[in-house]
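In our numbering, the protein residues as written are 2 to 183.
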């Protein structure tokens with residue numbers, strides 16, 4: 002592996018560590034990511050001990066990465082200390098095996114925009130809770146999807162109403178549509 006590839010790997014480790022700490026501080030993980038910290042620190046120590054193999058641009062990049070890690074690490078240690086001393090609130094309750102987030106019944110989504118918006122809001126919140134991306138959810142496309150799915154299920158199942166559910170199961174968001182109970 003070349004030095005540039007190793008530096009890219011270090012950059013990716015730091016990025017992942019940052020995500021794991023955010024997941025921990027927001028309550029998504031029960032323990033701080035000590036194994037990821039160890040991995041990042043090992044790579045930094047290896048580079049620091051063998052700095053002679055780095056050219057000027059690689060040394061500059063390495064110094065920037067190690068400084069970024071040092072700044073983040075200092076902030077994480079302060080937040081951990083605050084939590085241990087009780088100055089920072091503990092994360093919200095851990096996710097259950099299955100967590101029901103929202104259940105909406107639709108007859109005609111075109112006329113029930115408030116219900117569809119409530120469903121979209123629940124889906125976005127659930128995805129944020131488990132750390133999934135939400136920037137790919139387009140409200141107009143979502144409304145169109147709900148309308149099409151409602152029409153399709155009403156036709157296929159011969160029902161008048163469709164129930165949409167947003168749940169979290171084993172740390173994953175599930176979005177389902179079934180025939181609504183009468």
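All residues carry an ideal CB built from backbone N, CA and C; glycine is no exception.
This structure is a prediction, so every number in the text was calculated from the model and none was measured.
Item, Value
"Three-pair Cβ contact test at 8 angstroms for the segment 5 to 17 versus the segment 66 to 84", "yes"
"Neighbourhood of residue 75 by C-beta distance below 8 angstroms, restricted to the same chain and skipping five residues each side", "none"
"Inter-residue spacing [alpha-carbon to alpha-carbon] between residue 63 and residue 139", "38 angstroms"
"Exposure label - residue 135; buried when at least 16 CB within 10 Å", "exposed"
"Beta strand (DSSP E) runs wholly inside the segment 65 to 139, at least 3 long, in chain order", "99 to 107"
"Residue 174 classed as buried or exposed, judged by whether at least 16 other C-beta atoms fall within 10 angstroms", "buried"
"Which listed residue (37, 121, 30 and 106) has its alpha carbon closest to that of residue 180", "106"
"Beta-carbon proximity of residue 172 to residue 131, cut-off 8 angstroms", "yes"
"Nearest to residue 36 (by Cα), restricted to the options 50, 129, 19 and 48", "19"
"Cβ shell of residue 21 (< 6 angstroms), same chain only, five flanking positions each side left out", "34 and 37"
"Buried or exposed by the 16-neighbour rule on C-beta atoms within 10 Å, applied to residue 128", "buried"
"Chain-order list of residues whose beta-carbon lies under 8 angstroms from that of residue 126 (same chain, five-residue window excluded)", "102"
"Within 8 angstroms, strictly: CB atoms of residue 151 and residue 166", "no"
"Sub-8 angstroms separation of residue 43 and residue 4 beta-carbons", "no"
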